[in-house]
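Before any comments, here is the structure.
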Amino acid sequence: MIRLAYGRMLQDGLDGEHGLPRAGLASLGARFAEVQAEVRRRRGAGEYGFYRLVDQTVTVREIKTFAEGLGQAHDHVLVLGIGGSALGTKALLNALRRPAWNELDDEGREFFPRLTVLENVDPTTVNAALGRIDPRRVLVNVISKSGGTAETMAQYLVVRAWLEEALGAAAYRHLVFTTDAERGALREIAAREGVATLSVPSEVGGRFSVLSPVGLLPAALVGIDIEALLAGARRAIDRAEADDLLKNPAALYAALHWAADTELGARVHVLMPYTDRLREFAEWYRQLWAESLGKQVDREGRTVNVGPTPVGAVGATDQHSQVQLFMEGPFDKAITFVAVDDLGEDTPIPERADLPPDLAYLPGHTLGGLLRAEYQATSAALAQRGRMSCTLHLPDLGAATLGEAIMFFQIATGYAGVWYGIDPFDQPGVELGKRLTYAAMGRPGFEVGEARTGDGDVI
Ligand code: PA5
1056 MIRLAYGRML QDGLDGEHGL PRAGLASLGA RFAEVQAEVR RRRGAGEYGF YRLVDQTVTV
1116 REIKTFAEGL GQAHDHVLVL GIGGSALGTK ALLNALRRPA WNELDDEGRE FFPRLTVLEN
1176 VDPTTVNAAL GRIDPRRVLV NVISKSGGTA ETMAQYLVVR AWLEEALGAA AYRHLVFTTD
1236 AERGALREIA AREGVATLSV PSEVGGRFSV LSPVGLLPAA LVGIDIEALL AGARRAIDRA
1296 EADDLLKNPA ALYAALHWAA DTELGARVHV LMPYTDRLRE FAEWYRQLWA ESLGKQVDRE
1356 GRTVNVGPTP VGAVGATDQH SQVQLFMEGP FDKAITFVAV DDLGEDTPIP ERADLPPDLA
1416 YLPGHTLGGL LRAEYQATSA ALAQRGRMSC TLHLPDLGAA TLGEAIMFFQ IATGYAGVWY
1476 GIDPFDQPGV ELGKRLTYAA MGRPGFEVGE ARTGDGDVI
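Using my numbering, the first residue of the sequence shown is number 1056, and each one after it goes up by one.
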């Protein structure tokens, strides 16, 4: 079970001057009754659809059958998607499969396929990927809830032509679409051409969809235990049923971060796992927190322009990059460390007879021990300087724990939406950029000149 250590968000856990007053916990706790009631009401109305993803027995069976059949016939899975249709899959692969998965031989990958996620439409990345992958051995999973996102659809057209060049009419057998059950261009193509499909539940938004077929199919294809992911996610939901704020970790996390932002100006929220295996998880969190909480208007339509700025970092690497700023820069940050109790493996630092005395302290320890010491030291040093932080302690990095961590952050985001008074499930701010892209690409009905798209002054 995940534990949340939050003492260093509070004044008495820091330098006595900075941080939230302990008495503030009681007032947050009192106000939480309203927050919990609103979340329950909105859940009942179908708004918080991601909670229901732990009950997908039929979908899980379908995905496993699919992965065991089609998956085994291919040695590379190519995912096309962007934003919420890509970041979760990357986080799962990074956390739950061996590092440099695609470089391992068949045995190293336990005979599961390689997995490449194409998010961007940078031609260099796309061409390099297609140059590396054998079209006869690839399964292409096109993921788009709307079925019409420009980047994903452009990738699809390029990849489809590439498949057809190699496979002719058999190309469609190498495709599977994950999209809305009824709407969108992708659904239309699938129906017309008999492409295999999986559905994204309509009540689950892109950035909350990693535990839907969006993330579960690619995960199952590379041998990740998707049932364990969902079992872990259920643990997070069970704990979020608590009405006492101090017994509800996701709710407490949201409340403390909202208070740190709105009462103390700590509007930069850093997620800093002490393991490379959660580097992509931090990227996933960044989108979840940013796109959900950064909003112009509140639920009543008033202009509020709120939202914390999420930042991803990785320990110990970023101790030599960003921590100087965290330690001595403005008091505008709250840092969340993620510490893993059991990394699953460790490496002793070996002795050497010829070691200079300055390095003699290292042998006898392990790399994992050093990583742990660095986390503890950084967290303590920040606290001495009055810098707020909390730590999510993960017992291990198995599928169940990761599922719990994913659901923890999704639930926390849902609670934070209520504290900020905004809708965490829409993204109207992305629309204008989309419209101007359509105009620039000559899509009928979208006029250039709707706004200035030039750079402005340039030297
Ligand atoms: O969270 C979101 O809703 C977005 O980030 C979407 O996932 C992203 O824009 C891709 O959308 P779609 O899956 O419709 O292609």
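Glycine included, C-beta positions come from ideal geometry on N, C-alpha and C.
Nothing here was measured: the structure is a model prediction, and the numbers come from that model.
Within the continuous beta strand (DSSP E) that includes Lys1350, where are the two ends?
1350-1352
Checking 8 Å against the spacing of the C-beta atoms, do Pro1268 and Val1277 come in under that value?
Against a cut-off of 8 Å, the Cβ pair of Val1277 and Pro1268 comes out as no contact.
Is Leu1143 near Ser1264, with beta carbons less than 8 Å apart?
Residue 1143 is actually Gly in this sequence, not Leu. Cβ atoms of Gly1143 and Ser1264: closer than 8 Å.
Name the DSSP bridge partner or partners of Thr1114?
Looking at the DSSP assignment, Thr1114 forms no beta bridge with any residue, so it has no partner.
For Ala1283, I'd like the list of residues in its chain whose CB is within less than 6 Å of its CB, leaving aside the five on either flank, ordered along the chain.
Closer than 6 Å at Cβ, skipping near neighbours: Ala1454, Ala1455.
Is the Cβ-Cβ distance between Arg1242 and Gly1270 less than 8 Å?
no
Using 8 Å as the threshold, is the C-beta distance between Ser1434 and Phe1392 below it?
With contacts defined as CB atoms closer than 8 Å, Ser1434 and Phe1392 qualify as a contacting pair.
Counting Cβ pairs, one atom from each stretch, are 3 or more of them under 8 Å apart for the stretch 1398-1406 and the stretch 1371-1378?
no
Run the CB neighbour count on Asp1510, radius 10 Å, all protein chains shown included, and call it buried at 16 or more, exposed below.
exposed
Residue interval of the alpha helix (DSSP H) (run including Ile1292):
1281-1294
Name all residues in chain order for which at least one heavy atom of the ligand PA5 lies closer than 6 Å to the residue's CB.
Checking every Cβ against the heavy atoms of the ligand PA5 under 6 Å gives Ile1137, Gly1138, Gly1139, Ser1140, Ser1199, Lys1200, Ser1201, Thr1204, Thr1207, Gly1260, Gly1261, Arg1262, Glu1346, Gln1482.
Beta bridge counterpart(s) of Met1327 as assigned by DSSP:
Phe1392
Might you give, ordered along the chain, the residues of its own chain that have their beta carbon closer than 6 Å to the beta carbon of Gly1349, omitting 5 neighbours on each side?
Gly1362
Using the rule of at least 16 other Cβ atoms within 10 Å of the residue's Cβ for burial, across every protein chain shown, is Thr1468 buried or exposed?
buried
Contact between the stretch 1311-1330 and the stretch 1362-1371 (3+ Cβ pairs under 8 Å):
yes
Between the alpha carbons of Ala1240 and Thr1207, how many angstroms are there, rounded?
11 Å
CA-to-CA distance, Gly1079 to Arg1086, given in whole angstroms
Taking the straight line joining both Cα atoms gives about 11 Å.
According to DSSP, is Ile1198 part of a helix, a strand, or is it coil?
Looking at Ile1198 - three-state DSSP - the assignment turns out to be strand.
Can you round the beta-carbon distance between Arg1191 and His1131 to whole angstroms, since I take them to be within the 8 Å contact cut?
Contact flag wrong, Cβ pair sits at about 10 Å.
To which residues of the same chain is Thr1474 closer than 7 Å at the C-beta, ignoring the five residues directly before and after it?
First, the residue type needs correcting, since residue 1474 is Trp and not Thr in the sequence shown. The answer, listed in chain order, is Val1090, Ala1309, Ala1310, Trp1313.
Would you list, in sequence order, the uninterrupted alpha helix (DSSP H) runs of no fewer than 4 residues that lie entirely inside the stretch 1370-1430?
1378-1383
Using 8 Å for Cβ pairs, my map puts Val1181 next to His1229. What's the rounded Cβ distance?
Not a contact, Cβ separation roughly 17 Å.
Under a Cβ-count criterion, where at least 16 other Cβ atoms within 10 Å of its own Cβ denotes burial, should Gln1439 be classed as buried or exposed?
exposed
Residue nearest to Leu1398 in terms of C-alpha spacing, selected from Gly1423, Ser1444, Val1197, Ala1184:
Gly1423
Tell me, which residues are paired with Leu1159 by DSSP?
The partner list for Leu1159 (beta bridge, DSSP) is empty, contrary to what the question assumes.
Going by beta carbon distance, what residues of the same chain come within less than 6 Å of Lys1145, once the five residues before and after it are set aside?
Val1172, Glu1335
For the stretch 1281-1298 against the stretch 1455-1466, are there 3 or more C-beta pairs whose distance is under 8 Å?
yes
Look at the alpha carbon of Ala1221 and the alpha carbon of Ala1209, and state the distance between them as a whole number of angstroms.
19 Å
Between the Cα of Val1213 and those of Pro1178, Leu1285, Phe1464, Arg1332, spot the shortest distance and give me the residue it belongs to.
Pro1178
Name the residue from Ala1321, Thr1372, Ala1495 whose alpha carbon lies nearest to the alpha carbon of Arg1442.
For the residues Ala1321, Thr1372, Ala1495, the minimum Cα distance to Arg1442 belongs to Ala1321.
Would you identify the three-state DSSP class for Val1181, choosing helix, strand or coil?
The answer is helix: DSSP assigns Val1181 an H, G or I state.
Beta strand (DSSP E) segments (min. 3 residues) lying fully within the stretch 1205-1282
Segments of the beta strand (DSSP E) lying fully in the stretch 1205-1282: 1230-1235, 1251-1255.
Looking only at DSSP bridge pairs, what is Arg1169 linked to?
His1131
Looking at the strands, I want to know which residues DSSP matches up with Asp1316.
Paired residues: none, contrary to the question.
Going by the DSSP bridge assignment, what does Gly1367 pair with across the sheet?
Leu1326
Is it buried or exposed, Tyr1416, if we count other Cβ atoms within 10 angstroms and call 16 or more buried?
exposed
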